[in-house]
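In what follows, a structure is listed as structure tokens, so that the remarks can point back to it.
Numbering (the numbering used here), first residue to last: 902 to 1331.
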């Protein structure tokens, strides 16, 4: 296989992973019938919020002929991820660091939920990114303090479950509080999972499900990563009023929750393509966690073993890797994985790879134009050397974007308007 055909094949795998999780594919079969008498209140948040809202609005207005006067709602998505809607408001907000647009959008969602009656259906359309997009700080906590804390958590190497444990205890919408506010309405949540294990309490910080985590655990996360929070946050994390509703709480008696897409669905689609191309699919798991560079070193060793054994195979994995920032470069976990993989492969022939976030952006500054990941080819290091680049130095500075940008190997699909965490494929073609 040539470099060009290998890259085209890896592109097909990434595109198939994204398509399997797009709301246009997975959402319509799961949409519930509209309420008989009351209002249908659509509340969407996350990177797929725009496309989920667009699909749902069309489904109810066109296929069900639902009365537009009884349809209310709002969607809050990451900047650049909005979609055209016909009558419902669409807001674009900050991610991964929240902003004022997210604050205003979350408040409108809270107000709509609070207005719901027992005849209404509150349909929550949830996807990864909702934790940042729906930002409603606990009383006494300022937005700037939550922004500072979010940045510290992202730099610390904490995983998504740990980050969301903290977020849920500093919010008026997360950790089951949206469902509490929507009582006595019927609440149905349809979610696209972007977290390892598909835990509803972690996806979007679980705004409509019981929260098993505690204030004490949130404080422990900050202590574990040696994060000194702003004073208002330290006070909030010791205030019993900020404890989240737990399993068994009456607030969830009329609430339902369904996963409409998860990372495993994407791997079903890519597994088929791999087999059709004559390769052996080797799925390492759709829920990998850990430091990106450590996971990359392990997968490089596995790829070399497959090559030595003469096996034509594709190593595939998903999950949410982390990067502990030691430098001041640009990048994200997929790009850091790719750079560390290239270093570990050390120019090994006949091994190619792609690593990308299915939402279309990987870390970065929060712009919709940020890269989703990067490619690795057998000549990655040779081309870098010809350009005067030291891969180890870029890795030490966490500047994977700078490295792959210089040699033209960034993965840049743009916003995909969905999100089922990361997709990594290492192609071994002996």
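For every residue, glycine included, the Cβ atom is placed at its ideal position computed from N, Cα and C.
Quick caveat: nothing in here was measured; it's all calculated off a predicted structure.
Contact check, residue i vs residue j, beta carbons under 8 Å
i	j	result
residue 1092	residue 1101	yes
residue 1042	residue 1071	yes
residue 1302	residue 1273	no
residue 1321	residue 1164	yes
residue 1031	residue 1073	no
residue 1225	residue 919	no
residue 939	residue 990	no
residue 1327	residue 1200	yes
residue 1223	residue 1192	yes
residue 1167	residue 1095	no
residue 941	residue 935	yes
residue 1263	residue 1234	yes
residue 1151	residue 910	no
residue 1158	residue 1090	yes
residue 1076	residue 1112	yes
residue 1216	residue 1204	yes
residue 924	residue 952	yes
residue 1131	residue 1123	no
C-alpha distance - residue i paired with residue j, whole-angstrom precision
i	j	result
residue 1048	residue 948	19 Å
residue 1244	residue 1292	7 Å
residue 1056	residue 1033	15 Å
residue 1026	residue 943	7 Å
residue 1119	residue 1068	8 Å
residue 1185	residue 972	44 Å
residue 1324	residue 1219	5 Å
residue 1133	residue 1046	8 Å
residue 912	residue 956	26 Å
residue 1013	residue 1103	23 Å
residue 1154	residue 1004	28 Å
residue 1278	residue 1063	34 Å
residue 969	residue 902	54 Å
residue 1248	residue 1298	21 Å
residue 1331	residue 1194	25 Å
residue 1009	residue 1287	54 Å
residue 1110	residue 1082	12 Å
residue 1308	residue 993	32 Å
residue 1206	residue 1329	10 Å
residue 1078	residue 1084	10 Å
residue 917	residue 926	12 Å
residue 915	residue 1142	44 Å
residue 1139	residue 1066	14 Å
residue 1252	residue 966	53 Å
residue 1173	residue 1221	23 Å
residue 1127	residue 1137	18 Å
Residue burial classification, residue i (beta-carbon count within 10 angstroms, cutoff 16)
i	result
residue 964	exposed
residue 961	buried
residue 1040	exposed
residue 1250	exposed
residue 1283	exposed
residue 1208	buried
residue 1059	buried
residue 1006	buried
residue 1149	exposed
residue 1117	exposed
residue 1108	buried
residue 974	buried
residue 995	buried
residue 976	buried
residue 1169	exposed
residue 984	buried
Option nearest residue i by Cα separation, candidates the options
i	options	result
residue 1275	1258, 1286 and 983	1258
residue 1281	1269, 1242 and 1270	1242
residue 1261	1253, 1254, 987 and 1270	1270
residue 999	1229, 1268 and 1197	1268
residue 1171	1214, 1106, 959 and 1150	1214
residue 1105	1188, 1035 and 1016	1035
residue 986	950, 1017, 980 and 995	950
residue 1300	1331, 1227, 1289 and 1231	1231
residue 1228	1246, 1240, 1239 and 1295	1295
residue 908	1315, 1311 and 1319	1311
residue 1305	1256, 914 and 1319	1256
residue 877	1161, 1221, 1315 and 1240	The question about residue 877 has no answer here: the residues shown for the chain are numbered 902 through 1331.
residue 980	1137, 1290 and 946	946
residue 904	1080, 1289, 1254 and 1221	1254
residue 1198	1183, 1246, 1210 and 1211	1246
Contact belief for residue i with residue j at Cβ below 8 Å, rounded distance in angstroms
i	j	result
residue 978	residue 1044	Residue 978 to residue 1044, Cβ: 19 Å. No contact.
residue 1051	residue 1097	Actually they do not touch by this definition, with Cβ atoms about 20 Å apart.
residue 933	residue 1054	Wrong, their Cβ atoms sit about 35 Å apart, outside the cutoff.
residue 1018	residue 1086	6 Å
residue 1015	residue 1080	Contact flag wrong, Cβ pair sits at about 12 Å.
residue 1196	residue 1238	6 Å
heavy atom of the ligand NAP below 7 Å from residue i C-beta
i	result
residue 991	This structure lacks the ligand NAP; in fact it carries no ligand of any kind.
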